[in-house]
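S.K.: Per the working numbering, the very first residue in the sequence shown carries number 1; after that it's consecutive. All C-beta atoms in this analysis are idealised placements derived from N, C-alpha and C, irrespective of residue type, glycine included.
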Amino acid sequence: MSESKAMNLRFPDPEQRAAIAAAARQAGVSMQEYILSAAYDRATAVERRFLEGFRESMARSGAAFAAEPGDADPSAERRAAELAARREVEQHERQGRGDAA
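1) In this structure, does DSSP put F11 in helix, strand or coil?
2) Measuring straight from C-alpha to C-alpha, what distance separates A84 and G96?
3) Using a Cβ-Cβ cut-off of 7 Å (strictly less than) and excluding sequence neighbours within five positions of R17, which residues of its own chain qualify?
4) Is the beta carbon of Y34 less than 8 Å from the beta carbon of A45?
5) From F14 to M31, what does the alpha carbon distance come to, in whole angstroms?
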């Protein structure tokens with residue numbers, strides 16, 4: 001297989017090309033190297049953000065699984081009260097349908 005050719009650097013905006021060329025000159029690298037380096041930096045930044053979020057998620061999950069059953073859900077009493085209220089509403093609805101029939 002033949003060696004790959006240089007990247008085709010076409011820019012629809014001449015000002016954008018000039019800005020990139022100036023930045024590449026200032027960095028002392030070719031435009032191709034400057035663009036590839038910037039793309040790599042951006043991709044690794046996204047990867048780092050993803051991995052940080054993943055680690056935080058794993059820490060939260062680990063803490064939830066390590067907690068005692070009552071500690072993991074501090075609102076157990078509230079859920080019990082909501083369930084009782086829901087049963088009461090359903091019971092009233094059933095009675096209402098029975099009276100209407």
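M.R.: Looking at the atomic coordinates:
1) Locating residue 11 in the sequence shown gives position 11, counting from the first residue. Note: F11 maps to coil in three-state DSSP.
2) Start at 1 with the first residue of the sequence shown, and residue 84 comes out as number 84. Start at 1 with the first residue of the sequence shown, and residue 96 comes out as number 96. Taking the straight line joining both Cα atoms gives about 18 Å.
3) Locating residue 17 in the sequence shown gives position 17, where the first residue counts as 1. Excluding residues within five positions, the ones whose Cβ falls inside 7 Å are F11.
4) Counted from its first residue, the sequence shown places residue 34 at position 34. Counted from its first residue, the sequence shown places residue 45 at position 45. Contact: no.
5) Within the sequence shown, numbered from 1, the residue matching residue 14 stands at position 14. Within the sequence shown, numbered from 1, the residue matching residue 31 stands at position 31. The sequence as given places Pro at residue 14; Phe does not occur at that position. Those two C-alpha atoms are separated by around 14 Å.
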